[in-house]
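Below: the structure, in structure tokens.
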Ligand SMILES: Nc1ncnc2c1ncn2[C@@H]1O[C@H](COP(=O)(O)OP(=O)(O)OP(=O)(O)O)[C@@H](O)[C@H]1O
Ligand SMILES: [Mg+2]
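Numbering (the numbering used here), first residue to last: 24 to 288.
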């Protein structure tokens, strides 16, 4: 699904805006990373995209269809979001029922439901915890269940709002790899809001947000080679990228080889 923000302005209180005349477009089959400092408006953008907030000014289009109060119900069923704090996301007393909850609401047939629970719980490596109470899980395990619950709905647009912040580094890499696979296999649009520089590497495009506006956008390599932008996004570059950035043009071959290594990491 394509997402388009057309001069979107939004504020929680009258007279102040936290998203300011924001315009951008995201294509189907893309993974977009959104980065930016605390309070810059990233989660607000995610909520606007989901139709959980409505712009004060401007318009949001999903596949060309205006996301307004009338269109939101239909479109929202095609979108899924995993929030930063998994604690507020559980509704059932077992992991299995929690993943089932959204599927039941959509009247998915029981056999299909059981198939999806198994499939997506395995994908996030929580299939041996299906009978446990989500409240008793560790932070990272909770995030894994929250991710499985959203993926099981098989939405066309998946938004991860710092949804991997509690995962161990290998867990993050596995989830991102899964998202990339889904993106290509099932034609999904994926948005990851993150402070984790490694997640930026996997994106097709990076949006850098500062004070409710786009500070920069481009391919990961464009953003990662611009330390000034990263500083404004409150992100520390990877040491290896710092090394690449410090190498002169006479070392282009080494630079290329290091980038290649990085992208394969
Ligand atoms: N429900 C709310 N009511 C009033 N102000 C809010 C509300 N939610 C967020 N804000 C304010 O809006 C601004 C943007 O917040 P937002 O949560 O979008 O930032 P963020 O970029 O996601 O930050 P973080 O990296 O800390 O998650 C902040 O100044 C915040 O205090
Ligand atoms: Mg946020």
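Positions of the beta carbon are idealized from the N, C-alpha and C atoms, including for glycine.
- A residue is called buried when at least 16 other Cβ atoms come within 10 angstroms of its Cβ; residue 132 does not meet this threshold and is exposed.
- At a Cβ-Cβ threshold of 8 Å, residue 166 and residue 190 count as neighbours.
- Residue 41 sits in coil when the DSSP states are folded into three classes, being neither helix nor strand.
- Counting of Cβ neighbours within 10 angstroms places residue 242 among the exposed residues, the total staying below 16.
- Residue 169 places its beta carbon less than 8 Å from that of residue 105.
- Residue pairing by DSSP puts residue 54 in a beta bridge opposite 213.
- At least one heavy atom of ligand 2 is found less than 7 Å from the C-beta of residue 66.
- Taking the CA atoms as reference points, residue 51 sits about 12 Å from residue 87.
- Here residue 224 is not near residue 153, since their CB atoms are 8 Å or more apart.
- Of the candidates 164, 37 and 41, 164 places its Cα closest to the Cα of residue 195.
- With contacts defined as CB atoms closer than 8 Å, residue 125 and residue 73 fail to qualify as a contacting pair.
- The beta strand (DSSP E) runs of length 3 or more contained entirely in the region 212–272 are, from start to end of the chain, 212–216, 228–233 and 236–241.
- Relative to ligand 2, the beta carbon of residue 184 is positioned inside 7 Å of a heavy atom.
- Annotation for residue 41 indicates a beta carbon within 7 Å of some heavy atom of ligand 1.
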